[in-house]
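Quick notes on the structure that follows.
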Amino acid sequence: QVRRAMESAGEPVSAVGIATAGWVDRDTGTVVHATGSLPFWTGAPIAAAMRQVLRLPVTVENDANAFALAEGRFGAAAGASCYVGLTLGTGLGAGVVMNGQLLRGAHHMANALGHIVVEPDGLPCTCGQKGCLEAYTNSAALARYSGSVEKLASYLARGCAAIIHAYDPSVIVIGGGLTLNNDRLFELLQEMLADLVFAWERRGTKVVPSALGYEAGVLGAAAAAMAG
Numbered sequence: 001q002v003r004r005a006m007e008s009a010g011e012p013v014s015a016v017g018i019a020t021a022g023w024v025d026r027d028t029g030t031v032v033h034a035t036g037s038l039p040f041w042t043g044a045p046i047a048a049a050m051r052q053v054l055r056l057p058v059t060v061e062n063d064a065n066a067f068a069l070a071e072g073r074f075g076a077a078a079g080a081s082c083y084v085g086l087t088l089g090t091g092l093g094a095g096v097v098m099n100g101q102l103l104r105g106a107h108h109m110a111n112a113l114g115h116i117v118v119e120p121d122g123l124p125c126t127c128g129q130k131g132c133l134e135a136y137t138n139s140a141a142l143a144r145y146s147g148s149v150e151k152l153a154s155y156l157a158r159g160c161a162a163i164i165h166a167y168d169p170s171v172i173v174i175g176g177g178l179t180l181n182n183d184r185l186f187e188l189l190q191e192m193l194a195d196l197v198f199a200w201e202r203r204g205t206k207v208v209p210s211a212l213g214y215e216a217g218v219l220g221a222a223a224a225a226m227a228g
């Protein structure tokens, strides 16, 4: 697939960017940790394997970090220096950018915001803990709520409130399949956050849908490769 993409590029390819689930050591391009939803992925040396085949520089980035990079460079967070990107789907991924820099953490495992506990001793999560935000806001949760956007929004608002209190972003961009054509979700989040976040009116934090849709991950991988 990578070779086909390179052949269809229409011009010489100088570097390759890859976005993947799991926490990634950006320096080595290795997956340092993946939850139970990706068995055997922890330790995968993606960059080294791809460099050997492609003979090109390869940059590997966590898919949620790639989403955040794309929205900051090309999308709904363009111009913002402090923002958070959240992706909703089979899980909840997150990328946090503060003062123009993507947060990675001491062990390359920052931004595990899907594992904020919103229900003590609640539903089991793929991370091995219970009651994580991810278990209450992913696609399986929406199906469990019989499509009730209000129920999902109530949990997502709790998570967003914790994120706002921790990072004070100017924008939270939310993407993924659950957000497409879902204006009601964002209306509910704005209403609920006004009650959950202190000094909400003074902050002016915007919670907005992705401007890039399903292309965000690809664009983020490209942005990561361009950054080198």
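Residue 148 in the working numbering is what sits at position 148 of the sequence shown, and the numbering runs on without skipping anything.
For glycine and all other residues, C-beta sits at the position ideal for the given N, C-alpha and C.
Reference residue 229; option with closest CA among 66, 115, 148, 78: Limits of the chain in this structure are 1 at one end and 228 at the other, which puts residue 229 out of reach.
Boundaries (first-last residue) of the alpha helix (DSSP H) holding residue 152: 149-167
Meets three-Cβ-pair contact criterion under 8 Å: the stretch 207-226 and the stretch 123-130: no
Cβ pair residue 174, residue 88 closer than 9 Å: yes
Beta-carbon separation (whole angstroms), residue 64 vs residue 38, contact threshold 8 Å: Residue 64 to residue 38, Cβ: 13 Å. No contact.
DSSP three-state assignment for residue 129, whether helix, strand or coil: coil
Secondary structure, alpha helix (DSSP H): runs of 4+ residues fully inside the stretch 21-61: 46-54
Residue range of the unbroken beta strand (DSSP E) whose run includes residue 92: 92-98
Residue burial classification, residue 62 (beta-carbon count within 10 angstroms, cutoff 16): buried
Which listed residue (41, 52, 91) has its alpha carbon closest to that of residue 176: 91
Inter-residue spacing [alpha-carbon to alpha-carbon] between residue 97 and residue 160: 15 Å
Three-state class that DSSP yields for residue 205 in the structure shown: coil
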